[in-house]
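Visitor: Submitted below is the structure of interest, expressed as structure tokens.
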Amino acid sequence: MRFGYGSQGSTKLHKPVHFPLELVLGRELLVSPNTEWLRFDDASVTAIGTGKVLHNQAYVLIYKQV
Numbered sequence: 000m001r002f003g004y005g006s007q008g009s010t011k012l013h014k015p016v017h018f019p020l021e022l023v024l025g026r027e028l029l030v031s032p033n034t035e036w037l038r039f040d041d042a043s044v045t046a047i048g049t050g051k052v053l054h055n056q057a058y059v060l061i062y063k064q065v
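Structure (structure tokens):
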């Protein structure tokens with residue numbers, strides 16, 4: 000969940016986060032032999048369809064230190 004913070008405390012944000020279907024990552028992060036979307040869930044990695052990717056309840060996309 001995402002929250003906004005102000006003088007009255009925290010408020011849950013309901014606005015969806017939009018992200019592109021295409022993301023350029025370095026080879027050290029992910030190399031896939033085909034165009035599948037992969038779900039990394041703790042110790043398991045499974046292929047998933049685009050329909051599972053495009054929903055409004057994504058947990059973590061990508062974090063990068065800049």
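Just so you know, we're using numbering that gives the first Met the number 0 here: the sequence shown kicks off at 0 and counts up by one.
Every residue gets a Cβ at the ideal spot worked out from N, C-alpha and C, and that includes glycine.
Fair warning: this is a prediction, and the values are worked out from it, not measured in the lab.
1) Going by the beta-carbon positions, is the gap between residue 42 and residue 35 smaller than 8 angstroms?
2) Under 6 angstroms Cβ to Cβ from residue 5, same chain only, skipping five residues before and after it: list those, please.
3) Going along the chain, which residues of its own chain have a beta-carbon closer than 8 angstroms to the beta-carbon of residue 27, five neighbours each way excluded?
4) Is residue 18 near residue 10, with beta carbons less than 8 angstroms apart?
Guide: Checking against the coordinates, here is how it stands:
1) Your numbering for residue 42 matches position 43 in the sequence shown. Your numbering for residue 35 matches position 36 in the sequence shown. Annotated as distal: residue 42 and residue 35, with beta-carbon spacing of 8 angstroms or more.
2) On the sequence shown, position 6 is the one that residue 5 refers to. So the list is empty, once near-sequence residues are dropped.
3) Counted from its first residue, the sequence shown places residue 27 at position 28. Summary for residue 27: the model assigns pLDDT 49, below 50, so the residue's position carries little reliability; its value from the coordinates is reported in the next sentence. Sequence-distant partners of residue 27 (beyond 5 residues in either direction) whose C-beta falls short of 8 angstroms from its own C-beta are missing from its chain.
4) The residue you call residue 18 lines up with position 19 of the sequence shown. The residue you call residue 10 lines up with position 11 of the sequence shown. Contact: no.
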